[in-house]
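Visitor: In my numbering, the protein residues as written are 74 to 413. Glycine included, C-beta positions come from ideal geometry on N, C-alpha and C.
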């Protein structure tokens with residue numbers, strides 16, 4: 074009997090050690106995929122959770138733009154076979170329609186983040202990566218809106234969503250064959266003070282830009298994909314008119330859009346190899362080539378709002394040599410972007 078207990082104890086000890094080693098390898102080392110890494114991208118869901126608690130006039134106005142309940146989103150999570158076949162899901166902001174808003178009793182109620190986390194926990198087992206959008210940190214008192222409580226909103230996201238445990242910007246590394254992908258999730262949810270029409274809608278603070286520069290310089294061998302809510306502006310007449318030089322004019326672009334600080338980090342990082350920027354916010358599907366020079370170029374992919382159309386989502390497939398992106402509402406039509 075004593076010998077049997079001794080063997081059971083040894084087996085239990087080694088089994089626990091085995092589980093610990095598995096946990097460490099999953100959480101510390103880059104995730105490996107032999108051939109293809111697949112993920113679904115959607116954006117601008119604009120969920121309104123427990124709407125009966127809020128001022129009815131405000132809610133009705135919001136319902137003119139977005140779904141009246143969570144059923145379309147929940148059905149998408151549960152019934153779409155592509156979700157089940159993908160490695161993870163990415164939502165680039167505006168998960169909820171507001172951080173807080175006027176209640177039926179007066180004053181602001183801010184429980185949307187907690188309710189969103191409960192919904193995600195109960196409706197999907199998928200890995201979900203998020204970036205914050207402007208609505209995720211915006212308050213709606215009666216007849217107006219502001220971002221004066223953005224820091225409180227961000228701290229609430231950090232407290233409730235495990236993906237934000239280290240902060241509202243972060244990165245993940247995945248290996249696909251011999252190619253290392255660095256997925257960078259930025260927080261550009263705060264509005265800029267616009268002084269001219271073509272200016273970018275967002276502002277990113279210095280600490281985040283310093284972190285981004287460090288991420289881009291981390292390795293000379295990785296391929297970077299940047300996820301953020303608000304996209305870079307697309308200007309209609311920023312291209313050199315001469316056919317021999319079809320590049321965007323960098324100085325003109327950054328001056329007109331006030332994106333010097335952000336784009337200088339992308340351009341000047343020694344080890345940067347930015348392939349694409351993935352964004353939302355503008356509620357439309359689009360792809361644009363930012364070709365500033367032979368040494369500095371990338372594509373920007375925007376996906377339309379999921380909050381009023383279940384067809385607005387894309388499947389991304391990352392291979393050892395290409396990024397393959399589906400056209401919304403058509404898995405049969407894709408865009409293939411060779412890695413550079």
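Counting only runs of 4+ residues fully inside the stretch 137-215, write out the alpha helix (DSSP H) ranges in chain order.
Guide: Those alpha helix (DSSP H) runs which fall completely within the stretch 137-215 and span 4+ residues are 144-152, 154-158 and 185-196.
Visitor: In whole angstroms, give me the CA-to-CA distance for residue 405 and residue 396.
Guide: Approximately 15 angstroms, taken between the alpha carbons.
Visitor: Quick check on the burial criterion: 16 or more other C-beta atoms within 10 angstroms. Buried or exposed for residue 219?
Guide: Residue 219 should be labelled exposed.
Visitor: If you pair each beta-carbon of the stretch 177-187 with each one of the stretch 270-279, do three or more pairs fall below 8 angstroms?
Guide: Judged by Cβ distances under 8 angstroms, the stretch 177-187 makes no contact with the stretch 270-279, as fewer than three pairs qualify.
Visitor: Count the other CB atoms, across all protein chains shown, that sit within 10 Å of the CB of residue 207; report buried if there are 16 or more and exposed otherwise.
Guide: It is buried - the Cβ of residue 207 has at least 16 other Cβ atoms within 10 Å.
Visitor: Between which two residues does the beta strand (DSSP E) harbouring residue 249 extend?
Guide: That run of the beta strand (DSSP E) goes 243-249.
Visitor: Can the beta-carbon of residue 327 be found closer than 8 angstroms to that of residue 282?
Guide: No, they are not a contact pair.
Visitor: Does DSSP put residue 340 in a helix, in a strand, or in coil?
Guide: Of the three classes helix, strand and coil, the one that applies to residue 340 here is helix, per DSSP.
Visitor: Excluding the 5 residues flanking residue 204 on each side, which residues of the same chain have their C-beta closer than 7 angstroms to its C-beta?
Guide: If we look at residue 204 and ignore the five residues flanking it on each side, its Cβ neighbours are 165, 166, 258, 259, 260, 300, 301 and 302.
Visitor: Bridge partners for residue 351 per DSSP, in chain order?
Guide: DSSP, once it has assigned bridges, lists 300 and 374 as partnering residue 351.
Visitor: Where does the unbroken alpha helix (DSSP H) through residue 31 begin, and where does it stop?
Guide: Coverage of the chain is limited to positions 74 through 413, which leaves residue 31 absent and any answer about it impossible.
Visitor: Quick check: the stretch 367-383 against the stretch 343-353, are there 3 or more CB pairs under 8 angstroms?
Guide: Short answer: they touch.
Visitor: Please tell me whether residue 186 and residue 229 are closer than 8 angstroms, where the distance is taken between their beta carbons.
Guide: Cβ distance < 8 angstroms, so residue 186 and residue 229 count as in contact.
Visitor: Excluding five sequence neighbours on each side, which residues of the same chain lie with their C-beta closer than 6 angstroms to the C-beta of residue 391?
Guide: Taken in chain order, the residues that qualify are 110, 249 and 254.
Visitor: Give the C-beta separation of residue 320 and residue 365 to the nearest angstrom, bearing in mind that I take them to be a contact with Cβ-Cβ under 8 angstroms.
Guide: That pair is a contact at about 6 angstroms.
Visitor: In whole angstroms, what is the alpha-carbon distance linking residue 232 and residue 322?
Guide: Cα-Cα distance, rounded: 42 angstroms.
Visitor: Quick check on the DSSP output: the beta strand (DSSP E) that includes residue 327 runs from which residue to which?
Guide: Not the beta strand (DSSP E): residue 327 falls in the alpha helix (DSSP H), residues 323-330.
Visitor: Is DSSP giving residue 333 helix, strand or coil here?
Guide: Correct three-state label for residue 333: helix.
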